[in-house]
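A short write-up of the structure that comes next.
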Amino acid sequence: MALAINDLAKGAAAAEVRAIDATFDTPTPFTEKAIRIEVATKSKPIATVVMKDIQAGYLAPYVLGGDRSLGGKRGMLAPRAVTLNQYGNLTKGKLSALRAKPGIYIGPIKTKSGKVINGVWQRPTKPKVGRGRRTSGAQPRQGLKLLIQFEDTTPVRKRLPFEQVARTYVRRHAVAAFDAALRRALATAR
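Taking this note's numbering, the leading residue of the sequence shown gets 186, the next gets one more, and so forth.
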(Lines of atoms letter the chains of each structure in order from A; the text may use other names.)
(Lines give C-alpha, C1' and ligand atoms only; values in the text may rest on other atoms or scores of the structure.)
Protein backbone atom coordinates (compact mmCIF):
# COMPACT_ATOMS: atom_id res chain seq x y z
CA MET A 186 0.00 0.00 0.00
CA ALA A 187 2.82 2.44 0.86
CA LEU A 188 4.46 1.81 -2.54
CA ALA A 189 1.25 2.65 -4.41
CA ILE A 190 0.59 5.72 -2.29
CA ASN A 191 4.13 7.04 -2.85
CA ASP A 192 3.84 6.47 -6.60
CA LEU A 193 0.57 8.40 -6.62
CA ALA A 194 2.15 11.21 -4.57
CA LYS A 195 5.08 11.49 -7.02
CA GLY A 196 2.67 11.61 -9.95
CA ALA A 197 0.49 14.21 -8.23
CA ALA A 198 3.58 16.33 -7.48
CA ALA A 199 4.60 16.19 -11.16
CA ALA A 200 1.04 17.19 -12.14
CA GLU A 201 1.27 20.16 -9.74
CA VAL A 202 4.50 21.32 -11.40
CA ARG A 203 2.79 21.11 -14.81
CA ALA A 204 -0.11 23.16 -13.37
CA ILE A 205 2.35 25.82 -12.17
CA ASP A 206 3.91 25.94 -15.66
CA ALA A 207 0.44 26.26 -17.22
CA THR A 208 -0.71 28.97 -14.78
CA PHE A 209 2.33 31.27 -14.99
CA ASP A 210 3.95 32.44 -18.24
CA THR A 211 7.58 31.87 -17.26
CA PRO A 212 7.85 30.63 -13.67
CA THR A 213 11.28 30.74 -12.10
CA PRO A 214 13.01 27.43 -11.28
CA PHE A 215 12.50 28.31 -7.59
CA THR A 216 8.73 28.47 -8.13
CA GLU A 217 8.75 25.25 -10.17
CA LYS A 218 10.47 23.49 -7.23
CA ALA A 219 7.68 24.54 -4.84
CA ILE A 220 6.23 21.05 -4.43
CA ARG A 221 7.52 18.47 -1.98
CA ILE A 222 6.30 15.07 -0.84
CA GLU A 223 6.03 13.63 2.64
CA VAL A 224 6.28 9.91 1.83
CA ALA A 225 4.17 7.09 3.16
CA THR A 226 5.73 4.29 5.21
CA LYS A 227 4.60 0.80 6.07
CA SER A 228 3.55 1.92 9.55
CA LYS A 229 2.00 5.21 8.33
CA PRO A 230 0.45 4.67 4.87
CA ILE A 231 -0.25 8.34 4.21
CA ALA A 232 1.64 10.51 1.73
CA THR A 233 1.22 14.26 1.51
CA VAL A 234 1.91 16.58 -1.42
CA VAL A 235 2.58 20.11 -0.12
CA MET A 236 4.17 23.41 -1.12
CA LYS A 237 7.42 24.43 0.53
CA ASP A 238 7.02 27.25 3.05
CA ILE A 239 8.59 30.15 1.14
CA GLN A 240 6.85 29.37 -2.15
CA ALA A 241 3.58 28.72 -0.33
CA GLY A 242 3.75 32.26 1.05
CA TYR A 243 3.53 33.90 -2.36
CA LEU A 244 1.56 31.17 -4.19
CA ALA A 245 -1.22 30.96 -1.57
CA PRO A 246 -3.30 33.82 -3.08
CA TYR A 247 -3.26 31.99 -6.43
CA VAL A 248 -4.64 28.87 -4.74
CA LEU A 249 -6.99 30.41 -2.17
CA GLY A 250 -7.75 33.79 -3.79
CA GLY A 251 -7.11 37.26 -2.43
CA ASP A 252 -4.41 39.88 -2.88
CA ARG A 253 -0.90 39.15 -4.11
CA SER A 254 1.63 38.64 -1.35
CA LEU A 255 4.03 41.45 -0.55
CA GLY A 256 6.37 39.23 1.45
CA GLY A 257 8.72 41.53 3.35
CA LYS A 258 8.27 44.44 0.94
CA ARG A 259 6.35 47.62 1.63
CA GLY A 260 4.81 47.67 -1.85
CA MET A 261 4.68 45.92 -5.21
CA LEU A 262 7.45 46.82 -7.64
CA ALA A 263 5.93 47.44 -11.07
CA PRO A 264 8.73 47.85 -13.65
CA ARG A 265 7.99 50.48 -16.30
CA ALA A 266 11.23 51.31 -18.14
CA VAL A 267 13.90 48.90 -16.89
CA THR A 268 15.19 45.64 -18.29
CA LEU A 269 13.85 42.45 -16.76
CA ASN A 270 15.36 38.98 -16.53
CA GLN A 271 14.21 36.01 -18.62
CA TYR A 272 11.39 35.30 -16.14
CA GLY A 273 9.95 38.82 -16.36
CA ASN A 274 11.25 39.90 -12.94
CA LEU A 275 13.64 42.58 -11.77
CA THR A 276 17.15 41.23 -11.33
CA LYS A 277 18.35 40.75 -7.76
CA GLY A 278 20.49 43.88 -7.47
CA LYS A 279 18.62 46.16 -9.89
CA LEU A 280 17.08 48.44 -7.27
CA SER A 281 20.42 48.83 -5.46
CA ALA A 282 22.22 49.51 -8.75
CA LEU A 283 19.67 52.18 -9.67
CA ARG A 284 19.92 53.74 -6.21
CA ALA A 285 23.69 54.14 -6.67
CA LYS A 286 23.39 55.91 -10.05
CA PRO A 287 23.48 59.69 -10.25
CA GLY A 288 20.29 61.28 -11.52
CA ILE A 289 18.03 58.69 -9.87
CA TYR A 290 15.35 59.77 -7.41
CA ILE A 291 13.38 57.32 -5.27
CA GLY A 292 10.18 58.66 -3.79
CA PRO A 293 6.84 60.29 -4.56
CA ILE A 294 6.31 62.79 -7.38
CA LYS A 295 3.20 64.92 -7.82
CA THR A 296 2.18 65.07 -11.48
CA LYS A 297 0.65 68.08 -13.25
CA SER A 298 -2.78 66.51 -12.81
CA GLY A 299 -2.23 66.33 -9.03
CA LYS A 300 -1.76 62.56 -8.84
CA VAL A 301 1.05 61.35 -6.56
CA ILE A 302 3.12 58.50 -7.98
CA ASN A 303 5.69 56.76 -5.79
CA GLY A 304 8.57 55.06 -7.52
CA VAL A 305 12.07 55.16 -8.94
CA TRP A 306 12.56 58.11 -11.26
CA GLN A 307 15.33 59.10 -13.66
CA ARG A 308 16.09 62.78 -13.92
CA PRO A 309 16.46 64.17 -17.43
CA THR A 310 19.95 64.49 -18.83
CA LYS A 311 21.24 67.63 -20.46
CA PRO A 312 21.45 67.42 -24.25
CA LYS A 313 24.90 67.21 -25.73
CA VAL A 314 25.85 70.45 -27.39
CA GLY A 315 28.67 71.23 -29.73
CA ARG A 316 30.24 74.71 -29.95
CA GLY A 317 27.37 76.58 -28.33
CA ARG A 318 24.55 74.97 -30.27
CA ARG A 319 22.70 71.71 -30.13
CA THR A 320 23.97 68.92 -32.38
CA SER A 321 21.53 67.42 -34.84
CA GLY A 322 21.06 64.17 -32.84
CA ALA A 323 20.60 65.76 -29.38
CA GLN A 324 17.13 65.79 -27.85
CA PRO A 325 15.84 68.65 -25.71
CA ARG A 326 15.48 68.07 -21.98
CA GLN A 327 12.32 66.24 -21.00
CA GLY A 328 10.62 65.52 -17.67
CA LEU A 329 11.27 62.76 -15.19
CA LYS A 330 11.11 59.19 -16.46
CA LEU A 331 9.37 56.57 -14.29
CA LEU A 332 11.54 53.44 -14.15
CA ILE A 333 9.79 51.42 -11.41
CA GLN A 334 6.47 52.26 -9.79
CA PHE A 335 5.65 51.29 -6.22
CA GLU A 336 2.05 50.05 -6.04
CA ASP A 337 -0.30 48.66 -3.46
CA THR A 338 -1.02 44.97 -3.69
CA THR A 339 -3.67 43.84 -6.15
CA PRO A 340 -6.01 40.84 -6.31
CA VAL A 341 -4.65 37.87 -8.25
CA ARG A 342 -6.22 37.24 -11.65
CA LYS A 343 -4.91 33.72 -12.27
CA ARG A 344 -5.88 30.63 -10.31
CA LEU A 345 -3.73 27.63 -9.45
CA PRO A 346 -6.15 24.74 -8.73
CA PHE A 347 -3.71 22.93 -6.41
CA GLU A 348 -6.14 20.59 -4.63
CA GLN A 349 -8.18 19.86 -7.76
CA VAL A 350 -5.05 18.86 -9.74
CA ALA A 351 -3.98 16.36 -7.06
CA ARG A 352 -7.48 14.88 -6.64
CA THR A 353 -7.89 14.46 -10.41
CA TYR A 354 -4.52 12.75 -10.73
CA VAL A 355 -5.25 10.33 -7.86
CA ARG A 356 -8.71 9.44 -9.21
CA ARG A 357 -7.30 8.69 -12.66
CA HIS A 358 -4.28 6.66 -11.57
CA ALA A 359 -5.19 5.03 -8.22
CA VAL A 360 -6.37 1.67 -9.57
CA ALA A 361 -3.36 1.24 -11.86
CA ALA A 362 -0.92 2.30 -9.09
CA PHE A 363 -2.36 -0.19 -6.58
CA ASP A 364 -2.39 -3.00 -9.20
CA ALA A 365 1.26 -2.33 -10.08
CA ALA A 366 2.27 -2.18 -6.40
CA LEU A 367 0.47 -5.46 -5.67
CA ARG A 368 2.21 -7.16 -8.61
CA ARG A 369 5.59 -5.89 -7.37
CA ALA A 370 4.87 -7.11 -3.84
CA LEU A 371 3.79 -10.56 -5.07
CA ALA A 372 6.82 -10.85 -7.36
CA THR A 373 9.24 -10.17 -4.51
CA ALA A 374 7.35 -12.17 -1.85
CA ARG A 375 9.28 -14.97 -0.13
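All C-beta atoms, glycine included, are put in the ideal place defined by N, C-alpha and C.
DSSP, reduced to helix, strand and coil, places G299 outside both helices and strands of the structure shown, so it counts as coil.
Selection R356, A372, N274, G251 evaluated against A194 yields R356 as nearest (Cα-Cα).
Under DSSP, I291 takes part in a beta bridge, and its partners are V305. Contact between T213 and M261 does not hold, since their C-beta atoms are separated by about 17 angstroms, which reaches or exceeds 8 angstroms. Rounded to the nearest angstrom, the Cβ distance from G242 to P340 is 17 angstroms, too far for a contact under 8 angstroms. Burial check for T216: the Cβ neighbour count within 10 Å reaches 16 or more, so the residue is buried.
Per DSSP, reduced to three states, the secondary structure at F335 is strand. Buried is the label assigned to M236, since at least 16 other Cβ atoms lie within 10 Å of its Cβ.
Counting other Cβ atoms within 10 Å of its Cβ, D192 reaches 16 or more and is therefore classed as buried. Ranking K258, K277, F335 by CA distance to the CA of I291 puts F335 first. Note that the C-beta distance between K343 and T208 is below 8 angstroms. In this structure, Q307 lies near K330, with their beta-carbon atoms less than 8 angstroms apart. Residues T211, P212, T213 of the same chain have their beta carbon placed closer than 8 angstroms to that of Y272, with the five preceding and five following residues left out of the count.
With contacts defined by Cβ atoms closer than 8 angstroms, A219 and P346 do not form a contacting pair. As a beta-bridge residue in DSSP terms, L262 pairs with F335.
For T233, the secondary structure class from DSSP, reduced to helix, strand or coil, is strand. Of the other Cβ atoms in all chains shown, fewer than 16 fall within 10 Å of the Cβ of I231; this residue is therefore exposed.
For the set I294, V350, V360, the Cα lying nearest the Cα of A198 is the one of V350. Setting aside the 5 residues that flank it on each side, L269 is surrounded in the same chain by L275, T276, each with a C-beta closer than 8 angstroms to its C-beta; the list follows chain order.
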